[in-house]
Each structure stands twice: as C-alpha cells, then as structure tokens.
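Asker: In our numbering, the protein residues as written are 8 to 286. Ideal placement from N, C-alpha and C gives every residue a C-beta, glycine not left out. Note that this is a predicted model, so its numbers are computed, not measured.
1) Give the single residue among 223, 158, 187 whose Cα lies nearest to the Cα of residue 242.
2) Roughly how far, in whole angstroms, is the beta-carbon of residue 217 from the beta-carbon of residue 125, given that I think they are within contact range, below 8 Å?
3) Could you tell me which residues DSSP pairs with residue 199 in its beta bridges?
4) Give me the residue from 227, 223, 129 with the minimum Cα distance to residue 207.
5) Is the separation between the beta-carbon of residue 274 and that of residue 225 shorter than 8 Å?
6) Relative to the alpha-carbon of residue 301, which residue among 209, 193, 190 has its alpha-carbon at the smallest distance?
7) Under 8 Å, do residue 187 and residue 198 count as touching if we go by C-beta distance?
8) Answer yes or no: do residue 14 and residue 132 have a C-beta to C-beta separation smaller than 8 Å?
9) Return the chain-ordered ranges of every alpha helix (DSSP H) run that is complete within the segment 125-193 and spans a minimum of 4 residues.
10) Is the CB-CB distance between residue 180 and residue 12 below 8 Å?
11) Residue 252 lies in the beta strand (DSSP E); which residues open and close that run?
12) Which word fits residue 192, buried or exposed, when buried means at least 16 other C-beta atoms lie within 10 angstroms of its C-beta?
13) Looking only at its chain, what residues have a beta carbon closer than 6 Å to the beta carbon of residue 213, apart from the 5 residues adjacent to it on each side?
14) Quick check on the DSSP output: the alpha helix (DSSP H) that includes residue 220 runs from which residue to which?
15) Who are the near neighbours of residue 102 in its chain, counting only those whose CB is closer than 6 Å to its CB and skipping five residues on each side?
16) Helix, strand or coil, according to DSSP, for residue 96 in the structure here?
17) What do you reckon, are the CB atoms on residue 279 and residue 223 nearer than 8 Å?
18) Note down, in chain order, each residue of its chain lying with its Cβ closer than 8 Å to the Cβ of residue 144, except the 5 sequence neighbours on either side.
19) Is residue 52 helix, strand or coil by DSSP?
20) Using C-beta distances below 6 Å, list every residue in its chain close to residue 147, excluding the 5 sequence neighbours before and after it, in chain order.
21) Along the chain, where does the alpha helix (DSSP H) that runs through residue 81 open and close?
22) From residue 36 to residue 42, what distance separates their C-alpha atoms?
23) Report the three-state DSSP secondary structure of residue 11 (helix, strand or coil).
24) Taking the straight line between their C-alpha atoms, what separation do you get for residue 272 and residue 75?
25) Measure the alpha-carbon distance for residue 169 versus residue 215 and round it to whole angstroms.
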C-alpha cells in the first residue's frame with residue numbers, strides 16, 4: 008500500500024517557503040481533505056473546495072498564504088497522493104475554467120484507502136503538524152477541519168450531556184487511583200500533596216473521538232501527570248511483554264499491575280498501534 012505518511016513528509020520539497028515560513032496552501036488543503044476522509048468522502052467539487060479551503064487560508068494563512076485555493080486544488084496532484092479526474096497530474100487549470108466546469112479533486116483511491124485507517128491519519132497529521140504548522144493555532148485548526156482529537160490518545164473532549172447518561176464515572180477514577188495508592192504504574196512516582204497523594208486515571212483507549220473507548224477500569228491506568236501527558240501524546244507505550252517504552256525503543260520501566268486490576272490487553276494493543284509502525 009502507498010506510504011502516505013512518507014509522501015506527506017515530502018510535501019516540504021514542493022511547498023513554497025518565504026523567510027523560513029511555509030506557505031500553507033497544500034498543508035491546509037491536505038488537512039481539510041483528511042477531515043473529509045474521516046467522514047467517508049474522497050472527491051470534492053471545486054465549488055465546495057474553493058469556499059472551505061479558501062476560508063482556511065484566510066484564517067490560518069499566517070500572512071504568507073494568499074487566498075488562492077485553485078493552486079492546491081490542481082497542484083497537489085504533483086505530489087502523488089491527489090488527483091483531479093479529467094486532468095493530467097501536471098495540469099494547472101485557470102480559476103475561470105474551474106468556476107465554469109466545477110470539477111472534483113481529492114486523494115487518489117489508494118491514498119484514500121490508506122487514510123481510512125485512523126492510525127495512518129494520526130501519523131499523517133503528526134507529520135504535517137511538525138513540518139508546517141509551527142505558527143498556527145493548531146487546536147482551532149483541527150477543530151475546523153474535523154480532526155479534533157487525532158493529536159492525542161485521549162481523543163477530543165466529550166461535551167456535557169443532559170439526562171441520565173454518564174460520560175465519565177468518577178467512582179472508577181477514584182477506585183483506580185486508590186488501588187495503586189496514587190503511585191504511577193509506569194515510573195513509580197507518587198506526587199505528594201499535603202496529607203494526600205495525587206495521581207491521574209488515564210484511559211488507554213481514549214473516550215473521545217476518534218478512539219471512542221469505554222469508561223471501564225480495564226481501560227484505565229493510574230499514572231503520574233508527566234507519564235499521563237506522554238502516554239496521551241503517543242510518546243510512551245506498553246509493549247507486548249509489559250515493558251513501558253519510549254517511542255524509539257528505550258525501555259523506561261515495567262507496567263505495575265495490581266491483582267485486583269485486570270488491564271485490557273486489547274486496549275494496550277490499540278494504543279500501541281499509534282506508537283509502533285507495523286512490522
């Protein structure tokens with residue numbers, strides 16, 4: 008299958024830079040289209056692309072990117088992940104022609120199939136963020152393009168609901184932290200406060216979209232704030248043998264397990280997919 012992540016990293020070769028700052032025509036278009044992939048959409052008519060990507064360029068262009076959505080609409084095809092059916096990959100149809108014919112464009116079938124996997128979307132997003140979005144309000148951008156939550160194992164925050172439905176059960180959080188005496192299952196740290204300890208209940212498969220994990224103790228760990236943040240940021244994971252590793256392979260500890268707490272291996276395997284490339 009096509010290596011979408013590598014090719015998105017290579018966009019840097021084709022993105023214009025001004026005074027060390029990238030123009031964002033292609034990166035913003037790619038993120039917008041990735042958000043549409045999450046909704047199951049591959050090809051997008053010019054009239055919609057013009058309005059929605061144009062709005063992103065106006066809001067997040069950082070003063071370096073003119074509101075010219077016609078540029079990425081056609082020229083993304085030169086990077087091998089995009090197509091404009093009916094046009095050659097090196098074609099640059101003028102805006103007047105696009106307005107008149109309203110063609111569609113989007114990821115190729117192969118790239119689209121690859122990006123249907125949320126793990127690939129997370130890795131692709133990480134590449135685009137690291138290379139191109141240093142001067143952008145990333146959280147606002149991700150919310151705008153429908154990728155809120157893809158930058159974290161916790162997922163997008165769940166909004167308050169009414170009625171009897173419980174989003175998070177505080178009793179489960181209290182049970183897990185008390186069971187471990189507020190001691191981190193990764194590093195053994197216990198944050199001492201006046202008269203008590205402090206720890207955080209981390210969901211392994213996040214409750215928020217796109218992960219949509221369950222609020223059960225099998226899907227929870229007791230972690231210190233530092234390890235919790237790194238775990239949510241895909242910087243550390245639990246390997247198959249129970250070792251806690253940094254991304255890159257360095258072992259930093261072994262997962263502590265209490266006899267009364269069964270950790271769901273399926274949840275650890277789900278989180279691990281975002282941290283370890285497939286063999």
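Answerer: Reading it off the structure:
1) Answer by Cα proximity: 158.
2) Contact between residue 217 and residue 125 is confirmed by a C-beta separation of about 5 Å, below the 8 Å threshold.
3) Residue 199 pairs with 204.
4) Of 227, 223, 129, the residue nearest in Cα terms is 227.
5) When the beta-carbon positions are compared, residue 274 and residue 225 come within less than 8 Å of each other.
6) Given a span of 8 to 286 for the chain in the structure shown, any question on residue 301 remains unanswerable.
7) Between residue 187 and residue 198, the gap from beta carbon to beta carbon reaches 8 Å or more.
8) Against a cut-off of 8 Å, the Cβ pair of residue 132 and residue 14 comes out as no contact.
9) Here the runs fully enclosed are 125-139, 145-152, 177-186.
10) The answer is no: Cβ separation not under 8 Å.
11) Note, residue 252: beta strand (DSSP E), 250-253.
12) Answer is buried; the Cβ neighbour count reaches 16.
13) Closer than 6 Å at the Cβ level, and outside the excluded window around residue 213, lie 160, 161, 162, 220.
14) Taken as a continuous stretch (DSSP letters only), residue 220 belongs to no alpha helix (DSSP H), as it is neither H nor E.
15) So the qualifying residues of the chain are 77.
16) Reduced to three states, the DSSP call for residue 96 is coil.
17) Between residue 279 and residue 223, the C-beta spacing is not below 8 Å.
18) If you ignore the 5 residues before and after residue 144, its C-beta comes within less than 8 Å of the C-beta of 67, all in its own chain and listed in chain order.
19) Residue 52: strand per DSSP, three-state reduction.
20) If we look at residue 147 and ignore the five residues flanking it on each side, it has no Cβ neighbours.
21) Where residue 81 is concerned, the enclosing alpha helix (DSSP H) stretches over 77-82.
22) Cα to Cα, the separation comes out at about 10 Å.
23) DSSP places residue 11 in helix when its eight states are reduced to three.
24) Distance between residue 272 and residue 75, taken at the CA atoms: about 48 Å.
25) At residue 169, the pLDDT of 43 sits below 50, so the modelled position is not reliable and the matter cannot be decided from this model.
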